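Note that the numbering used here gives residue 319 to position 319 of the sequence shown, counting from 1, and the numbers run on in steps of one.
Backbone N, C-alpha and C define an ideal beta-carbon position, used for all residues, glycine too.
Bear in mind the structure is a predicted one, so any value in this text is a computation, not a measurement.
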Amino acid sequence: MAGGADPHYDVLVLGEVLVEIHAGTALREAADGTPARISYSGDALNAAAAASAAGARTALLAVVGDDELSVPLLDRAAALGVDVSHVRRAPRPNGAYLLSADTDGDREFVYWRTHSAGSTLGPGHVASWRDLLTGCGALVTSGITGALSPSSRDAVRAAARLVHGAGGHVTYDPNFRSRLTGPAEARELLAEIAPLTGLLKASCPADARALVDTADPRAAAARCRALGARTVVVTTGADRLLLDDGTRAAYLPVPVNPEPVDATGAGDCFTGTTTARLVLGDTLEDAVAYGTAAASLSVSGRGGTGRVPAFSETAALAAVHRRSGRMASG
């Protein structure tokens, strides 16, 4: 799915790509000589890879640096089926993060984002992508992208307005990170973007408590819908999520991976897969089922793009999970 001059894409993902350094031990125990593994991630790349794997023609809208890692970073994105021909460059280093994860799901992160290339994303870039945005099926973006810098925040606003105004779908994940932004700024952006969204995904309790003052998933979904979001998904852990489409709010079971390795990027995998399947014509219920199946499979890999399941695998797991749910309720 990489390449091509046709300006129409099923899914565009606006955001940040990062160099990922995976430590071989807990970070507080990282002595001199601790082994580490380099890979490539960031919520935008994770979501774009998932959307492509789910069958959508997908392009990445981002700014990368001029350091030595830019070429392998873009090569990795292209190898994941993502069109990188519209990515812009800036004379700055790429952002990076150090990660440690264990099989119990505990993760530790240290980020280097200040003055990164990704943080230069701004309205000027969005203007250069106008034809892409007004012609796409869907846009995926996040609160992380909006928190990188004031210009990135303006870029998120501008891109979402363009896509929504052209009749496209917008998926937004607030993905609140207290090290990047404060609750007031994140709430303000959420209030602006929510009315433009076809799908808003939030986590509970993390996003919900910080952004809508509740640790109750149903209340969180209702408050996000009150902001104008058409459909809200609230993730509540590894085994279920809440789907509120305005007609009802219901908990849906999530396939549990019996051998988890690293949950980094699982939420991004969900948003990318679900958005792709919605644009490709699946019902909301089916698209969400595929999203949860893909996210479950993704935690078998290490890092944000260490395990991007093929759609055949995702569909097979979703079918098995659907059958087991029917048998359990029958």
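- Going by beta carbons, residue 314 and residue 54 fall inside the 8 angstroms limit.
- Residue range 183-193 is occupied by the alpha helix (DSSP H) that includes residue 186.
- When secondary structure is reduced to three states using DSSP, residue 173 falls in the strand class.
- Under the rule that a run must span 4 or more residues, the alpha helix (DSSP H) segments found entirely inside the stretch 249-310 read 266-279, 284-298.
- Ranked by how close their Cα comes to the Cα of residue 163, the residues 305, 33, 126 have 126 in first place.
- It is roughly 10 angstroms from the alpha-carbon of residue 312 to the alpha-carbon of residue 290.
- Across the structure, residue 153 and residue 192 are spaced so that their CA atoms are roughly 11 angstroms apart.
- In the DSSP annotation of this structure, the continuous segment of the beta strand (DSSP E) that includes residue 142 starts and ends at 138-142.
- Within the DSSP secondary-structure output, residue 76 pairs in no beta bridge.
- If you draw a straight line from the Cα of residue 195 to the Cα of residue 245, it comes to about 14 angstroms.
- The C-beta separation of residue 232 from residue 202 comes to about 7 angstroms, placing the pair in contact by the 8 angstroms criterion.
- Cβ neighbours of residue 34 within its own chain (closer than 8 angstroms, five residues either side excluded): 23, 24, 25.
- Around the beta carbon of residue 303, a 10 Å sphere encloses 16 or more other beta carbons of the protein chains shown; the residue is thus reported as buried.
- Between residue 63 and residue 74, the C-beta gap is not smaller than 8 angstroms, which leaves the two residues out of contact.
- In the three-state scheme derived from DSSP, where H, G and I count as helix and E and B as strand, residue 222 is classed as helix.
- In this structure, the straight-line span from the alpha carbon of residue 57 to that of residue 32 is close to 44 angstroms.
- Of the candidates 17, 110, 77, 316, 17 places its Cα closest to the Cα of residue 93.
- Within the stretch 28-53, the runs of beta strand (DSSP E) that reach at least 3 residues and sit entirely inside it are, in chain order, 36-41.
- Annotation for residue 116: no alpha helix (DSSP H) segment contains it, and DSSP assigns it neither H nor E.
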